[in-house]
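What follows is a single structure, written as structure tokens, with notes after it.
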Amino acid sequence: MSAHLPPFVPFPVPSPASAAARARFPRGLAQPEQGFRFSRDALLLADFAAGLKLPPAAAVVDLGAGCGVAGLGLLLRRPDLGPVVGVERDVFQVEAARLNIRRLGLDERCSVVTGDLKQTATLRAARAALPAVPKSGAPFHLALCNPPWRREGSGRTPPSPTRRAALFGDETTFPLFLDAADRLLAFQGALALVCGAERLTDVLTALPPRLRPVRLRFVHGRPGKAAAFFLLEARKGSKAALRVEAPLLLEDENA
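Take the sequence shown: its letter number 165 is residue 165 in UniProt numbering, and every next letter is one higher.
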């Protein structure tokens with residue numbers, strides 16, 4: 001796969017195999033056998049981001065992309081967007097993401113770079129994956145973010161080191177992801193983030209000054225239950241007031 005994506009092109013007619021893979025999505029996605037398995041928060045993020053107001057052919061970066069589910073899910077919902085560049089440090093997840101891109105027939109619209117967000121070279125590689133980078137060096141219109149948000153010592157700890165790294169963060173995790181988004185987003189670019197509801201204060205505290213929260217939605221398993229997740233939209237350079245939307249219920253009270 002080329003490190004550089006071509007300029008925006010409409011979705012080509014998929015092959016029968018790719019069409020079948022798209023129809024099954026997210027079922028059938030490749031995932032590392034011993035690594036982190038994506039869960040519904042990634043699908044919630046893709047659905048939330050699909051509702052954002054973005055320019056045609058908006059460039060998207062998926063920070064901590066895993067097997068690519070959020071970025072791919074977004075592109076299937078919003079074929080007017082793209083290219084999508086995933087950034088992932090786990091080489092096995094990168095291999096799975098590239099396989100999923102091929103299976104879905106999205107090679108011309110998606111790519112994945114391997115690297116740690118701590119490294120400036122990783123952010124350069126994400127920029128370089130686009131066909132053209134503005135002089136500002138901040139080429140993306142949307143950053144997807146599903147960071148490891150669980151606290152060490154809370155809940156069951158998986159024996160797999162890669163699963164632990166994908167689930168559990170420390171005090172540097174949110175600043176690391178949010179600073180990367182700030183550096184990669186163009187002016188008025190959007191951050192779409194999903195996180196455990198109990199970490200809302202920590203996320204808001206870690207937001208760089210230029211990323212202003214403008215939309216917040218809590219996700220509940222069912223009515224009367226505490227929120228499990230929240231979905232947040234922030235805009236770079238915005239002065240808009242925060243809008244708290246009606247909660248999203250995953251199951252109704254009769255389920």
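Positions of the beta carbon are idealized from the N, C-alpha and C atoms, including for glycine.
Counting only runs of 3+ residues, the beta strand (DSSP E) found wholly inside the region 92 to 128 occupies 110 to 114, in chain order.
Here D41 has N146, V194, F229 as same chain residues with Cβ atoms under 7 Å from its own Cβ, once five neighbours each way along the sequence are excluded.
With a contact defined as Cβ atoms closer than 8 Å, V84 and R98 miss out at about 13 Å. Around N100, the same chain offers L29, A30, C67, G68, L72 as residues with beta carbons nearer than 7 Å, after the five sequence neighbours per side are excluded.
Runs of the alpha helix (DSSP H) lying entirely within the region 8 to 56 and spanning at least 4 residues, in chain order: 16 to 24, 40 to 50. In terms of Cβ geometry, A49 and L184 do not form a close pair [threshold 8 Å]. One Cα belongs to E171, the other to P247, and the distance between them is close to 28 Å. DSSP places P83 outside any alpha helix (DSSP H), giving it a letter other than H or E. Within its own chain, the residues whose Cβ lies closer than 8 Å to the Cβ of A192, once the five positions on either side in sequence are excluded, are L45, F48, A49, L52, L142, A143, L144, C145, L231, L232, E233, listed in chain order.
In the structure shown, the three-state DSSP call for D179 is helix. Across the structure, L74 and E152 are spaced so that their CA atoms are roughly 30 Å apart.
Closest option to D116, judged by alpha-carbon separation, among R235, H220, S39, Q93: Q93. Between F140 and A186, the CB-CB gap stays under 8 Å. In this structure, F174 places its C-beta atom within 8 Å of the C-beta atom of V203.
Residue nearest to A21 within the set L249, P56, L76, T122 is L76 (criterion: CA-CA distance). Only residues of its own chain outside the window of five on either side were considered, and among them L178, D179, D182 have a CB closer than 7 Å to the CB of P208, listed in chain order. Collapsing the DSSP output to three states places A186 in a strand. Residue environment: P16 is assigned as exposed (fewer than 16 neighbouring CB atoms within 10 Å of its CB, all protein chains considered). In this structure, DSSP gives E198 a helical state, which the three-state scheme calls helix. In this structure, DSSP gives G64 a state outside helix and strand, which the three-state scheme calls coil.
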